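FYI, in the numbering used here the residues of the sequence shown are 189 to 418. Working notes, structure below.
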Amino acid sequence: MNDAIQSICYKISQHPEVQNSSLKRSQLHEVIAALLGYASHAAFVTESKSEERDYEFSDAEFVVLNVPYGKLRAQKFSMPDNVFHCCVTEIKAGLPVPVFESVAECYDRHLREFLANYIYVYAEQSEEMADSNAYFPEYPYMDDKIISSGDLWSSIDEWTIQDTGELTGEYDPEGDRMFNGNTFFVKGKLFFAKAGRAGLVHLSDEGKVSVTPDESWRDFDIDYDIDESA
């Protein structure tokens with residue numbers, strides 16, 4: 189993916205607003221490196237050559253840019269806003285994997301559905317859903333109350349994100365089985381290996397899911413009369 193970064197910087201340098209400014213190619217490299225979570229372009233190059241980690245930036249399945257960090261670096265070089273936006277746009281167009289401008293955007297456009305599907309597949313195999321006589325044609329509705337393991341770009345080897353939700357099925361009132369609940373409270377957690385500072389690789393074997401039946405429909409306060417003489 190390093191070749192892609194070189195190509196991205198070249199394309200940015202060809203924009204008229206860049207050619208008509210005093211910006212140098214090296215400064216573009218520094219802003220790109222900051223957007224990818226690095227303190228400098230040299231740090232990006234050094235880490236990309238390191239063999240100490242299991243994954244490198246070129247292994248990333250998708251990338252989440254650190255736009256505030258990139259903006260600070262751009263301001264250091266007095267880079268106009270329109271040029272900075274060119275940097276973001278060209279990264280998104282030039283990298284061979286999906287690129288998002290924030291964790292929130294990544295979750296909204298990619299990870300929410302991914303997590304919902306992950307939970308659904310697990311729930312289908314669970315005893316809780318097997319005991320239900322409802323059927324579940326749709327993924328769970330997620331609460332969007334995401335919790336991550338910390339700052340994505342500062343995390344070294346691993347990063348996680350989790351959310352809660354509700355999985356609701358459909359019950360046939362004309363069926364021959366009594367209603368025994370059709371809603372589950374669910375929680376899912378996804379684990380990712382870091383690939384560079386901004387890249388992520390999903391660790392499919394390490395996810396966690398919980399499925400809890402909603403039993404609020406039960407009336408636990410019913411006072412059953414027992415005929416002790418029977």
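Ideal Cβ placement from N, Cα and C applies to all residues, glycine included. Note that this is a predicted model, so its numbers are computed, not measured.
Does the Cβ of residue i have 16 or more other Cβ atoms within 10 Å, making it buried, or fewer, making it exposed?
| i | result |
| --- | --- |
| H273 | exposed |
| G338 | exposed |
| D351 | buried |
| L260 | exposed |
| I414 | Residue confidence is low: I414 scores 43 on pLDDT, short of 50, so the model does not pin down where it sits. Its coordinate-derived value is still stated next. Exposed, since its Cβ has fewer than 16 Cβ neighbours within 10 Å. |
| S404 | exposed |
| N254 | buried |
| K382 | buried |
| A262 | buried |
Please state the DSSP three-state secondary structure of residue i.
| i | result |
| --- | --- |
| Y257 | helix |
| G225 | coil |
| M267 | coil |
| L340 | coil |
| Q350 | strand |
| H273 | helix |
| V285 | coil |
| S398 | strand |
| H390 | strand |
| K333 | coil |
| L378 | strand |
| E326 | coil |
| L355 | strand |
| A383 | strand |
| N208 | coil |
Closest to residue i by C-alpha separation, out of the options, would be which residue?
| i | options | result |
| --- | --- | --- |
| Y257 | G395, D402, D393 and R385 | R385 |
| F372 | E394, Y327 and I335 | Y327 |
| V251 | V374, V233 and I193 | I193 |
| S214 | P204, H229 and E301 | H229 |
| E218 | S209, V233, P204 and N208 | V233 |
| I190 | S236, W347 and P204 | With the sequence shown as reference, residue 190 is identified as Asn, and Ile is not the correct amino acid for it. It is S236. |
| A227 | P325, E293, S320 and S342 | S342 |
| T356 | I335, R297, M317 and Y295 | M317 |
| F288 | L388, E394 and R406 | L388 |
| G353 | L378, W347, F380 and M330 | M330 |
With 7 Å as the threshold, decide whether the Cβ of residue i is near any Cβ in chain C.
| i | result |
| --- | --- |
| E235 | No chain C appears in this structure, which consists of one protein chain only. |
The region 394-403 / the region 304-312 touching (three or more Cβ pairs under 8 Å): yes
The region 265-281 / the region 233-246 touching (three or more Cβ pairs under 8 Å): no
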